[in-house]
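Positions 0 to 376 (numbering that gives the first Met the number 0) are the ones given, in order, by the sequence shown.
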Amino acid sequence: MIINVFPSLQLIAYARIAQGILYTIDLGRLKCTFLEGELGDTEFIQLIAKKISEIVLPTYCSTFSRLTAARRKPEDVLIVHLPNEVKQQLRVTVIALGLEIKQWFESHRFIVIGDNYDLRNKLSWFSFGVIDRLKTARNFIRDEDIEVGKRFHLACEYCFEDDVKMLWRNMSTHEGSDVERQLLRTRSTELWFDTLLLNIPRNWDKILLNERRNFFYGIYLGMRSVFALLRGPAMRYQCIYFALGSGVVHHYDLYSCICLLNSAELNYMLTRLPTSEFCELLTTFLQWPFQLMFIDIVNDLKRHINKDIFHDGATCILCYKLGMEFYDHVYIGIFKRFWNLFSAKYEDDFKKEGKLYTLANMYCISRKIMMQENIGI
Numbered sequence: 000m001i002i003n004v005f006p007s008l009q010l011i012a013y014a015r016i017a018q019g020i021l022y023t024i025d026l027g028r029l030k031c032t033f034l035e036g037e038l039g040d041t042e043f044i045q046l047i048a049k050k051i052s053e054i055v056l057p058t059y060c061s062t063f064s065r066l067t068a069a070r071r072k073p074e075d076v077l078i079v080h081l082p083n084e085v086k087q088q089l090r091v092t093v094i095a096l097g098l099e100i101k102q103w104f105e106s107h108r109f110i111v112i113g114d115n116y117d118l119r120n121k122l123s124w125f126s127f128g129v130i131d132r133l134k135t136a137r138n139f140i141r142d143e144d145i146e147v148g149k150r151f152h153l154a155c156e157y158c159f160e161d162d163v164k165m166l167w168r169n170m171s172t173h174e175g176s177d178v179e180r181q182l183l184r185t186r187s188t189e190l191w192f193d194t195l196l197l198n199i200p201r202n203w204d205k206i207l208l209n210e211r212r213n214f215f216y217g218i219y220l221g222m223r224s225v226f227a228l229l230r231g232p233a234m235r236y237q238c239i240y241f242a243l244g245s246g247v248v249h250h251y252d253l254y255s256c257i258c259l260l261n262s263a264e265l266n267y268m269l270t271r272l273p274t275s276e277f278c279e280l281l282t283t284f285l286q287w288p289f290q291l292m293f294i295d296i297v298n299d300l301k302r303h304i305n306k307d308i309f310h311d312g313a314t315c316i317l318c319y320k321l322g323m324e325f326y327d328h329v330y331i332g333i334f335k336r337f338w339n340l341f342s343a344k345y346e347d348d349f350k351k352e353g354k355l356y357t358l359a360n361m362y363c364i365s366r367k368i369m370m371q372e373n374i375g376i
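Given below as C-alpha cells:
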C-alpha cells in the first residue's frame with residue numbers, strides 16, 4: 000500500500016492564500032467560536048466569504064505592440080474578481096486551515112494560556128495546509144520569554160530528549176521543584192523524571208508490556224518523535240493501536256508513522272486492528288488534505304473492509320463531512336465512489352438505517368444530476 004501524499008501545485012497555492020487570509024483575522028477567535036454554535040459559524044464564515052470576495056486580480060486588455068511601446072496607463076488596468084469555483088475552493092481551504100488551528104489550540108491548552116505568544120510567527124506549516132507540530136513546538140521551546148516550566152512541559156510532551164535535558168540543566172533548584180510538583184503525572188513524565196533524577200538512560204524499546212497503554216496514551220503529541228525509535232512490528236503496532244484508540248492523535252502524525260512501516264509491519268497491523276480502530280484509521284484519510292487520496296487508500300484496503308467498517312465510513316462522510324455545507328462539493332464525489340465500491344455487498348444491510356440510507360441515495364442521485372448537467376445530457 001502506497002500512501003505518500005503528493006499535493007498539487009494548485010492545492011499548495013490555495014493553502015498559501017488561505018493562510019494569508021486567516022492571518023488577517025484574530026487567531027484567538029478560533030479557540031472558542033470557530034464552528035461551535037450557529038452564531039460562531041455564521042459570523043466566521045461570513046467574514047471569510049467577505050475577505051475572499053474582496054480579492055481582485057489586476058489584468059490588462061491583450062494587445063500586441065513593439066517592445067519599445069510606452070507602459071500602460073493605470074486606467075487601462077481591469078479589475079477582475081475571482082471566478083466562483085475558485086472562491087468556493089478557497090473558502091473550503093480557509094475553513095480547513097481554521098479547523099487545523101483550532102485543533103492545535105485544543106491539543107495545547109496546557110501551554111497556550113495567554114494571547115501573547117505571537118502565534119502567527121510560531122506556527123510552522125507544511126505547504127499543503129497542515130501545521131508541522133514538531134517544528135511549531137520547537138519554536139515555543141526556544142522562546143526564552145516563555146517560562147521555563149511550560150517549555151519543559153512541552154519538550155516532555157513531544158519527547159524531545161535533548162531539549163528536556165537542556166531545560167532541566169538550566170533550571171534553578173526552585174524552578175525544578177515547581178516543575179516536579181506542578182507537572183501532570185503520566186507514565187511518560189514519570190519515565191522522564193527517572194531519566195533526569197536517577198540518571199537512568201531512556202530506552203524506548205524497554206517499555207514494559209503492561210504499561211504501554213498508559214505510556215502511548217500519554218505521548219500522542221510526541222508520537223512522530225518516538226515512532227522511528229521503536230523496533231519490531233509488535234511495538235509499532237501497539238503504538239498505532241493505542242493512538243487510534245485515544246481518538247486525539249493528529250491525523251498527520253498518524254500518517255507519518257504509518258509511512259515508516261515496512262510491508263511486513265503494515266500487514267501485521269492491518270490483520271490485527273479491531274474494527275473500531277480500523278474505522279478510525281480509515282476515516283483519518285477523510286481529513287484535510289488526505290481526502291484527495293481516500294479512494295486510493297480504500298482500494299488498497301478493500302479486502303480488509305467489512306460491513307461494519309463500510310457502515311462507519313459511510314456514516315462519517317454523510318454525517319460529519321457532507322453535514323457541513325461548505326464541504327459538500329468536495330465529499331459528494333468521494334461518497335459516490337466509496338458507495339459504489341461496496342453497495343452491491345452491503346447496501347441491503349445499510350437500508351436498515353432508514354433516514355441515513357435515504358440521505359445516501361439522495362447524494363448519489365444528486366451526483367448523477369450534476370454529472371448530467373456538466374456533460375449537457
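For glycine and all other residues, C-beta sits at the position ideal for the given N, C-alpha and C.
Helix, strand or coil at residue i according to DSSP, with G and I counted as helix
i: W167; result: helix
i: V247; result: coil
i: V178; result: helix
i: W191; result: helix
i: W287; result: coil
i: V297; result: helix
i: I47; result: helix
i: V85; result: helix
i: I218; result: coil
i: L7; result: The question names Leu, yet the displayed sequence has Ser at residue 7. S7 falls in the coil class under three-state DSSP.
i: N305; result: coil
i: P273; result: coil
i: G353; result: coil
i: L280; result: helix
i: C363; result: helix
i: A377; result: Because residue 377 is not part of the residues shown, which for the chain are 0 to 376, the question remains open.
i: N198; result: coil
i: F334; result: helix
i: C158; result: coil
i: N261; result: coil
i: L228; result: coil
i: E146; result: coil
i: R108; result: coil
i: L118; result: helix
i: Y22; result: coil
i: R141; result: coil
Whole-angstrom C-beta distance between residue j and residue i, which should lie under 8 Å
i: V329; j: V91; result: 6 Å
i: L96; j: A14; result: 7 Å
i: F127; j: L10; result: 6 Å
i: L321; j: F334; result: 7 Å
i: L89; j: A17; result: 6 Å
i: I20; j: K50; result: 5 Å
i: N169; j: V147; result: 7 Å
Nonlocal neighbours in the same chain, by C-beta distance under 6 Å from residue i, ignoring five residues either side
i: R235; result: L229 and E264
i: D311; result: C278
i: Y185; result: Reading off the sequence shown, one finds Thr at residue 185, where the question assumed Tyr. Once the five neighbours on either side are set aside, the close Cβ partners of T185 are G217.
Cβ shell of residue i (< 8 Å), same chain only, five flanking positions each side left out
i: N305; result: T274
i: E179; result: F192
i: K134; result: S123
DSSP beta-bridge partners of residue i
i: H80; result: V55
i: W103; result: In the DSSP output, where bridge partners are listed per residue, W103 has none listed.
i: W124; result: I130
Same chain, Cβ closer than 7 Å to residue i, neighbours up to 5 away in sequence not counted
i: A242; result: F215, Y219, M222, V248 and L253
i: F293; result: F284, L285 and I333
i: A154; result: I140, D162, V163 and L166
i: Q237; result: R211 and F215
i: S255; result: R223
i: G244; result: E276
i: F5; result: none
i: Y267; result: P232 and Y236
i: Y22; result: R119
Residue i: CB within 6 Å of a non-hydrogen atom of the ligand SAM
i: L190; result: Questions concerning the ligand SAM fall outside what the structure shown contains, since it holds no ligand whatsoever.
Q | Touching by the beta-carbon criterion (3+ pairs, under 8 Å), the segment 154 to 174 and the segment 210 to 224 | A | Short answer: they touch.
(Q) If contact is defined by three or more beta carbon pairs under 8 Å, each pair taking one atom from either stretch, is the segment 286 to 304 in contact with the segment 124 to 144? (A) Below 8 Å, enough C-beta pairs join the segment 124 to 144 and the segment 286 to 304 to call them touching: three or more.
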